[in-house]
Amino acid sequence: MPLVLLVLMLINALVSYKGLNDMSFFRKYEFHIGSIRVGEQYRMFTSAFLHADYMHLGFNMLTLYFFAPVVIYNFGALGFLLVYFISMAFGSLLTLYFHKNEYSYRAIGASGAVTGILFSSILIYPDMEINFIPGYIFGVLYLLFTIYGMKTRAGNIGHTAHFGGAIGGFIFTLIKMPHIIYDNTLIVIFLAVPIIILFGMAKAGKL
42 MPLVLLVLML INALVSYKGL NDMSFFRKYE FHIGSIRVGE QYRMFTSAFL
92 HADYMHLGFN MLTLYFFAPV VIYNFGALGF LLVYFISMAF GSLLTLYFHK
142 NEYSYRAIGA SGAVTGILFS SILIYPDMEI NFIPGYIFGV LYLLFTIYGM
192 KTRAGNIGHT AHFGGAIGGF IFTLIKMPHI IYDNTLIVIF LAVPIIILFG
242 MAKAGKL
């Protein structure tokens, strides 16, 4: 396992463990709209290292474990960290944008950052199989389901952060590897369609 990945997973595990055993710590660093809007913007990053339970932590870390090596191999350790933290930022910013007037809205988890890594991997190797289907098809279906989750508030899941993270990974990877736009134009457009749909629905007031 690459050292950078091991260290990142360890930090997630240690911070999550602390949060799960110290509620005051958890509340201080979770994503909370009301607190962010009065100046505690650090929560937009610290919340991504907290998890609701060990299953939540395990699922995110397992996904990261499988897809991070693709990004590390192509971008190096620094590039991987840039994808991770840019995706985290996009996830938090999109969540803040869509829920800015819901002062009690709370969220935690590395899902936004991890989803960015997943989508970066899909762009790099669009034909990789995920759950027995090509990665680019999985990516579109995942984003369409995420839009559905955002609209219906399905489950106790930060769907908006997932979508924002995917956008962050998508944009960074295309900037870092612009040849993908020419080599896999149709796939890039295909993956961009749910993003266009999301903002179209938002503009039309349907979210």
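Going by this note's numbering, the sequence shown opens with residue 42, and the numbers climb by one from there. Just so it is clear, CB atoms sit at the ideal spot from N, CA and C, and this is done for glycine as well.
First and last residue of the uninterrupted alpha helix (DSSP H) at residue i
i      : result
TYR114 : 95-140
LYS192 : 176-193
LEU91  : Per DSSP, LEU91 belongs to no alpha helix (DSSP H) and is neither H nor E.
ILE149 : Element bounds for ILE149: n/a, residue is neither H nor E.
Cβ distance (whole Å) where residue i is taken to contact residue j below 8 Å
i      : j      : result
SER256 : PHE72  : In this structure the chain extends from 42 to 248, so residue 256 is not present and cannot be described.
GLY206 : ALA154 : 6 Å
GLY120 : LYS217 : 7 Å
LEU137 : ILE74  : 7 Å
8 Å CB neighbourhood of residue i in its chain, flanking five on each side removed
i      : result
ALA130 : MET85, PHE86, GLY209
MET66  : The identity of residue 66 in the sequence shown is Phe, whereas the question assumes Met. For PHE66, where only same-chain residues beyond five positions count, the Cβ hits under 8 Å are LYS59, GLY60.
GLY150 : SER88, ALA89, LEU91, HIS92, ALA93, HIS97, ASN101, GLY199, ALA202
LEU215 : LEU164, ILE221, ILE222, VAL229
Same chain, Cβ closer than 7 Å to residue i, neighbours up to 5 away in sequence not counted
i     : result
SER76 : ARG84
Own chain partners of residue i with C-beta closer than 6 Å, once the 5 adjacent residues on each side are dropped
i      : result
THR156 : HIS203, GLY206, ALA207
LEU159 : PHE108
Next on the checklist: Counting beta carbon pairs with one atom in the region 163-179 and one in the region 104-115, are three or more of them shorter than 8 Å?
Outcome noted: Counting Cβ pairs under 8 Å, three or more are found: they touch.
Checklist entry - Do the region 179-186 and the region 87-95 make contact, defined as three or more Cβ pairs closer than 8 Å? => result The region 179-186 is not in contact with the region 87-95.
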